[in-house]
Each structure stands twice: as structure tokens, then as C-alpha cells.
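Following this note's numbering from start to finish, the sequence shown increments by one per residue and tops out at 640. Glycine residues also receive a C-beta, built at the ideal position from the N, C-alpha and C atoms. Everything below concerns the one structure shown next.
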Amino acid sequence: MTARSNDHPLKVDGLTKRYGNRTVIDNLTFTVEPGKVTGFLGPNGSGKSTTMKVLLDLASADHGTTTIGGRRYRDLPNPASTVGVVLEPNAFHPGRTGRDHLCIIAQATGQPRRRVDESLSIAGLDPDAAKRRVGTYSLGMKQRLSLAAALLGDPPVLVLDEPANGLDPQGIRDLRDLLRARAANGDTVLVSSHLLTEVQHLVDDVIVIADGRLVTTGTIDELTGKSAHVRTPCPARLAELLLAAGATAQQTAGDRLVVTGLDLDKIGDTAHRGGLAIHELAPNAGSLEDVFLALTAQPSQKGN
């Protein structure tokens with residue numbers, strides 16, 4: 337695979353999406369850079385899938401913009417050759433074979449027929465499996481077929497919603513190796529997943545949202561190895577001061593905060609300048625799962 341120059345960052349700027357009186361995405365802003373695998377994380381109902389749908393013009397925004405390389409998806413000259421998408425693992429006609437499914441997409445998007453077999457091979461579907469009707473596929477095989485479809489146009493951008501769902505351990509490793517290779521090639525890779533242990537091994541950067549709002553962004557090391565646990569009698573005020581200093585601070589339980597973006601000395605200095613007492617300040621080098629659960633805990637769960 338030859339490294340390519342990629343000028344296709346994904347940008348979400350002030351995005352708001354409502355369904356009736358319910359706000360699903362609330363003033364969400366983030367950027368996904370080329371050359372990295374970025375994990376898009378949040379609890380069920382946090383707005384991840386809706387954000388991806390707006391990015392791909394499958395849903396409309398009430399406010400804000402989403403762009404791919406500076407353009408809306410609908411304005412891309414050849415979307416299938418720019419963005420590969422995995423959103424729905426069951427978006428197939430059950431009576432067609434896997435190969436026929438890809439042939440139809442290739443014809444519709446102007447891809448050469450040779451890309452069908454190449455994409456099937458990359459996604460790990462062997463020729464015998466490709467000749468079977470999709471209605472007989474397991475969930476993992478459907479995921480592989482979805483990935484093959486996403487790769488048909490050899491796009492520099494991949495937007496994948498739960499691509500490891502249903503895959504066995506070997507399939508998960510194959511997916512990890514593929515996405516890491518694509519990022520090393522200069523591609524932009526955005527992956528939504530609930531498999532946090534696997535995400536920790538896969539991604540470079542992380543975007544965490546909850547209730548449609550941005551919670552934090554950063555590298556995987558910043559979240560798992562450079563976050564801090566703080567206990568103070570004034571958590572809300574300290575969180576405000578830390579935010580002004582460029583950190584992210586999430587109250588997790590009573591008088592406790594999880595802080596990312598500042599080292600321990602700067603957290604202590606910030607509290608001192610604000611005249612706030614610190615009862616505990618320590619590195620919070622937990623797993624991604626630990627940090628994620630702390631950052632996205634619901635108010636009713638904090639303190640339990």
C-alpha cells in the first residue's frame with residue numbers, strides 16, 4: 337500500500353440535531369485528523385450514530401455544519417471513492433450472494449470489477465463465502481461484507497459504526513491490523529465502538545460524547561495514562577478553573593473529579609490560585625473502560 341497525501345479531515349462544528357422536542361446532538365464540535373485511527377465513544381443514546389448520519393447526509397442538522405475535506409458529503413465529486421462507510425450490518429438483500437451485492441455497488445459507483453474480489457479478500461471473505469446468499473451469513477460475515485463494500489473505492493476516509501460487532505477474535509485482530517495500516521497510509525479513520533478493551537489497542541485519538549455533548553477529546557495516552565483523580569470540597573468551581581486553563585474536568589462522585597489535559601503540578605497550581613483546597617490529587621492511569629465510565633457517568637450514578 338503506497339502512502340498517500342490526505343487532505344480529508346472530518347470536521348463537526350457546532351452541530352445540533354433535534355427530533356421533536358428532544359435534542360439528540362447539542363452544539364457538538366470536533367475534528368478527526370488524517371493519519372490516525374480515532375475512536376468515537378459514548379453510551380447508548382449519546383448521539384454517535386446520529387452524528388455519523390448527519391456527516392454522511394443521511395440526516396439533516398438543525399444547526400452547525402459537518403464537512404469532509406472542507407466539503408459536505410453531498411458536494412463530494414465522487415463520494416464512494418472518498419468515504420467508505422459501515423453503518424448498518426443488515427443492509428443487504430438476503431437472496432443475493434455477497435459477491436453479487438458488491439458487483440451491484442461497484443457498477444452503481446463506477447468502480448472497476450477487479451475491486452470486488454480485492455475488497456472481499458481484504459475484508460476476509462473467501463471465494464466460497466462470497467458465492468453464498470447473504471441470508472445465510474452470520475453477523476460477523478455480514479460485517480466483513482459491509483467492510484468490503486466500504487473499501488470498494490479505496491477511499492481515503494473510513495467512517496465505521498460498530499465494525500467489530502459479531503466478529504470473532506481473529507476477525508477483530510484482522511480489523512485492527514487493517515485499520516492501523518490504513519491510518520499509517522495516511523487515511524482518516526473514525527470508528528465508533530462499545531468494545532473499549534479493543535478500542536484501547538486500536539485508536540490513536542479519542543472523542544467522548546454523552547447526551548449529545550462533547551465530554552472530552554485527546555490521545556489514548558492522555559485519557560488512560562495522563563489523567564488525574566482529584567478530590568476537593570469545591571468540585572464545580574475547580575472544574576470551571578481547570579476548563580479555563582485548558583483541561584477537561586468531569587465530576588464523577590460527590591467531591592471527585594477526573595481531569596485530563598493538565599499534569600498534576602498544573603492542576604495543583606490552578607487550585608491554589610483559585611484558593612481551593614485539594615484533599616487528594618493522584619494519577620488516574622486506569623483502563624480506557626475505567627476512564628470512559630467515570631467521564632460518562634449519569635448524575636444519578638455519581639456518588640453511588
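Which of the three DSSP states, helix, strand or coil, is assigned to Y713? This structure does not reach residue 713, given that the chain is present from 337 up to 640, and the question cannot be answered.
Can you list, in chain order, the stretches of the alpha helix (DSSP H) that have 4 or more residues and sit fully within the segment 512-568? DSSP runs (the alpha helix (DSSP H)) wholly in the segment 512-568: 532-538 and 556-560.
Which residue or residues does DSSP assign as beta-bridge partners of I404? Here residue 404 refers to the residue found at position 68 when the sequence shown is read from its first residue. Partner(s): L346 and R407.
Going by alpha carbons, who is nearest to N521 out of A575, E616 and D490? Start at 1 with the first residue of the sequence shown, and residue 521 comes out as number 185. Taking only the C-alpha atoms, the option nearest N521 is D490.
Along the chain, where does the beta strand (DSSP E) containing A585 start, and where does it finish? On the sequence shown, residue 585 is found 249 positions in, with the first residue counted as 1. The continuous beta strand (DSSP E) containing A585 extends over residues T584 to A589.
Flag G502 as yes if its beta-carbon sits less than 9 Å from any beta-carbon of chain C, otherwise no. Absence of chain C from the displayed structure is noted, only one protein chain being present.
Would you identify the three-state DSSP class for F366, choosing helix, strand or coil? As a position in the sequence shown, residue 366 is number 30, starting the count at 1. DSSP places F366 within a strand segment (E or B) once states are collapsed to three.
With H, G and I counted as helix, E and B as strand and the rest as coil, what does DSSP make of E616? Position 280 of the sequence shown, counted from the first residue, corresponds to residue 616. If DSSP states are grouped into helix, strand and coil, E616 belongs with the strands.
If I'm right that A484 touches L515 with Cβ under 8 Å, what's the distance once you round it to whole angstroms? As a working note, residue 484 is residue 148 in the sequence shown. As a working note, residue 515 is residue 179 in the sequence shown. That belief does not hold up - the Cβ atoms of A484 and L515 are roughly 14 Å apart, past 8 Å.
If we count the other Cβ atoms within 10 Å of its Cβ and call it buried at 16 or more, is G639 buried or exposed? Here residue 639 refers to the residue found at position 303 of the sequence shown. Low per-residue confidence applies at G639: pLDDT is 35, beneath 50, and the placement is therefore not dependable, though the value from the model is reported in the following sentence. Exposed: under 16 other Cβ atoms inside 10 Å.
Which term fits S396, buried or exposed, when burial requires 16 or more other beta carbons within 10 angstroms of its beta carbon? Along the sequence shown, one-based indexing puts residue 396 at 60. Per the 10 Å Cβ criterion, exposed.
Below 8 Å on the Cβ atoms is my contact criterion, and I expect V360 with R354 to pass it. Report the Cβ-Cβ distance as a whole number of Å. In the sequence shown, counting from the first residue as 1, residue 360 sits at position 24. In the sequence shown, counting from the first residue as 1, residue 354 sits at position 18. V360 to R354, Cβ: 7 Å. Contact.
Which residue or residues does DSSP assign as beta-bridge partners of F376? Against the sequence shown, residue 376 aligns to sequence position 40. S528 and I543, per the DSSP bridge assignment.
Pick from G590, K478 and L412 that is closest to L346, judged by C-alpha positions: As a first step, residue 346 is located in the sequence shown; it is residue number 10 there, counting from the start. Ranking G590, K478 and L412 by Cα distance to L346 puts L412 first.
Quick check on Q637: does DSSP put it in helix, strand or coil? Numbered from 1 along the sequence shown, position 301 holds the residue referred to as residue 637. Unreliable placement is indicated for Q637, whose pLDDT of 38 sits below 50; no coordinate value is reported for it.
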